[in-house]
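Those protein sequences? They're chains W and H, same order as listed. First residue of the first sequence? That's 316 in the working numbering, and the numbers climb one at a time after it. First residue of the second sequence? That's 316 in the working numbering, and the numbers climb one at a time after it. Cβ atoms here follow ideal geometry from the backbone N, Cα and C, with glycine treated the same way. The structure displayed is predicted, hence computed values, not measured ones.
2 protein chains.
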Amino acid sequence: MGERSLLNQLIDALRCLPGVGPKSARRIAFYLLERDRDGGAQLARVMAEAMVAIRRCTRCRTLTEHDLCALCANPQRDAALLCIVEQPSEVVALEQATDYRGQYFVLGGRLSPLDGIGPDELGLNMLETRLRDEAITEIILAISPTVEGRATAQLITERAARYGIRVTRIAQGVPLGGELEYLDSGTLALAFAGRRDVV
Amino acid sequence: MGERSLLNQLIDALRCLPGVGPKSARRIAFYLLERDRDGGAQLARVMAEAMVAIRRCTRCRTLTEHDLCALCANPQRDAALLCIVEQPSEVVALEQATDYRGQYFVLGGRLSPLDGIGPDELGLNMLETRLRDEAITEIILAISPTVEGRATAQLITERAARYGIRVTRIAQGVPLGGELEYLDSGTLALAFAGRRDVV
């Protein structure tokens with residue numbers, strides 16, 4: 316097809332999607348054009364608005380098109396519980412998987428001095444202000460158990476200690492459906508050490 | 316997150332993409348919002364235009380935003396050769412894979428009376444007009460070797476015969492990298508029957 320036809324522009328533009336190479340982009344373009352133009356048009360409209368309007372919640376730093384996200388703006392959420400996650404996607408995942416009714420705080424990453432990610436980038440001052448000023452009784456750390464994640468969790472635990480706030484961490488162990496045979500030894504050791512009474 | 320937040324609307328809208336379920340949609344949405352807003356905005360712009368402006372070429376029925384596609388409008392393409400394919404995506408695939416310099420005709424499907432796809436739906440009258448009026452010397456059938464594909468090829472071959480036009484079919488056989496052990500017996504028989512001298 317010609318050098319810069321609209322079709323080729325569409326195929327090129329689709330490559331911004333994660334994991335989409337030239338062949339998938341072609342397949343998606345033809346699929347939309349031949350079978351779902353309404354869906355494509357709707358996606359284009361919503362995407363155009365979302366890329367401009369969605370920003371960070373001024374209170375918990377998750378993604379939202381408002382100043383305050385729906386969770387922070389909801390007076391029914393328990394203000395005494397604060398769950399700390401790395402990414403906005405984890406807020407969505409926890410909301411869908413659990414019946415947690417407290418609030419969230421999104422770090423946006425993990426401490427990683429070599430990449431220039433320190434306490435400021437993770438909003439820890441903002442977090443500390445909340446720990447100081449709000450009636451938070453428990454912080455739940457839902458942070459990946461990597462080296463950087465542990466350093467991040469450690470720093471938050473120290474700050475929470477200044478205000479006498481209890482800090483918990485989500486459980487580590489064998490994932491559902493995971494086979495012990497294929498589990499890494501670190502997780503296996505943690506799961507063993509963290510064993511519980513069978514009721 | 317709230318019931319109809321813009322973020323959730325984006326996640327829902329992304330599900331119109333082929334093979335994208337709720338989890339992939341979430342991953343794509345967060346990827347675009349956190350790492351490639353420019354790409355997302357560009358995709359939204361191009362997609363909005365493409366869904367409205369791209370239609371069928373009035374001559375070969377491939378997809379284009381013009382009356383005539385770039386290939387039909389190109390006087391350098393050999394008007395004596397006409398390659399017949401099922402889908403517009405196959406025009407792109409052949410253009411990228413071969414050095415074919417002739418013209419194309421896109422059927423948009425295969426004969427399938429049960430699905431209401433007959434000669435009219437495939438544009439065979441339009442094709443016959445071209446066979447009659449243009450100086451076509453060879454028709455190249457690039458149609459899937461399925462039952463419906465063979466019936467379609469048969470019908471086109473009959474019409475071409477009326478105008479004394481030579482009809483060829485792209486070769487069938489073992490695909491590159493294909494292992495004979497796993498090849499279906501029909502293809503194996505075809506490949507065996509179609510053997511050629513080793514030069």
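Under the three-state DSSP convention, the category residue i falls into
| i | result |
| --- | --- |
| ARG477 of chain H | helix |
| ILE455 of chain H | strand |
| TYR415 of chain W | coil |
| GLY317 of chain W | Any reading at GLY317 of chain W must be qualified, since the residue scores a pLDDT of 43, below 50, and its modelled position is unreliable; the value itself is stated next. Reduced to three states, the DSSP call for GLY317 of chain W is coil. |
| LEU437 of chain W | coil |
| ASP393 of chain W | strand |
| ILE369 of chain H | coil |
| GLY484 of chain H | Rather than Gly, the amino acid found at residue 484 of chain H in this sequence is Arg. Strand. |
| LEU495 of chain H | helix |
| LEU409 of chain H | helix |
| LEU378 of chain W | strand |
| VAL421 of chain H | strand |
| VAL335 of chain H | coil |
| VAL489 of chain W | coil |
| VAL514 of chain W | coil |
Cβ of residue i within 8 Å of any chain B Cβ
| i | result |
| --- | --- |
| GLU401 of chain W | The chain labelled as chain B is not found among the protein chains of the depicted structure, namely W and H. |
Residue i at chain H interface by Cβ criterion, 8 Å
| i | result |
| --- | --- |
| GLU449 of chain W | no |
| CYS387 of chain W | no |
| LEU321 of chain W | yes |
| LEU397 of chain W | no |
Beta-carbon spacing of residue i, residue j below 8 Å
| i | j | result |
| --- | --- | --- |
| THR379 of chain H | LEU322 of chain W | yes |
| CYS372 of chain W | LEU383 of chain W | yes |
| CYS375 of chain H | VAL421 of chain H | yes |
| LEU470 of chain H | LEU439 of chain H | yes |
| THR452 of chain W | ILE480 of chain W | yes |
| GLU331 of chain W | ASP351 of chain H | According to the sequence as given, residue 331 of chain W is Cys; it is not Glu. For CYS331 of chain W and ASP351 of chain H, yes; Cβs fall inside 8 Å. |
| THR467 of chain H | LEU429 of chain H | no |
| THR377 of chain W | TYR415 of chain W | no |
| ALA515 of chain H | ILE454 of chain H | As shown, chain H starts at 316 and ends at 514. That puts residue 515 of chain H outside it, with no answer to give. |
| GLN324 of chain H | VAL361 of chain W | yes |
| ALA506 of chain W | VAL489 of chain W | yes |
| MET366 of chain H | ALA359 of chain W | yes |
| ALA356 of chain H | ALA412 of chain W | no |
| GLU410 of chain H | ALA457 of chain H | no |
| GLU436 of chain H | GLY424 of chain H | yes |
| ALA395 of chain W | ALA450 of chain W | yes |
| GLN487 of chain H | THR472 of chain H | no |
| PRO333 of chain H | ARG342 of chain W | yes |
Below-8 Å beta-carbon distance, residue i vs any chain W residue
| i | result |
| --- | --- |
| ARG484 of chain H | no |
| ILE458 of chain H | no |
| GLN357 of chain H | yes |
| PHE345 of chain H | yes |
| PRO333 of chain H | yes |
| ALA269 of chain H | Not covered by the structure: residue 269 of chain H. The range shown for chain H is 316 to 514. |
| ASP430 of chain H | no |
| GLN324 of chain H | yes |
| ILE380 of chain H | Checking the displayed sequence, the identity of residue 380 of chain H turns out to be Glu instead of Ile. Chain W, which has a Cβ nearer than 8 Å to the Cβ of GLU380 of chain H, makes this yes. |
| ASP351 of chain H | yes |
| LEU491 of chain H | no |
| ALA328 of chain H | yes |
Beta-carbon neighbours of residue i, restricted to chain H and to distances below 8 Å
| i | result |
| --- | --- |
| ALA363 of chain W | ALA356, ALA359, ARG360 and ALA363 |
| SER427 of chain W | Within 8 Å Cβ-Cβ: nothing; SER427 of chain W doesn't reach chain H, min ~16 Å. |
Residue i: contacting residues in chain W (beta-carbon distance under 9 Å)
| i | result |
| --- | --- |
| LEU348 of chain H | ALA365, MET366, ILE369, LEU378 and PRO403 |
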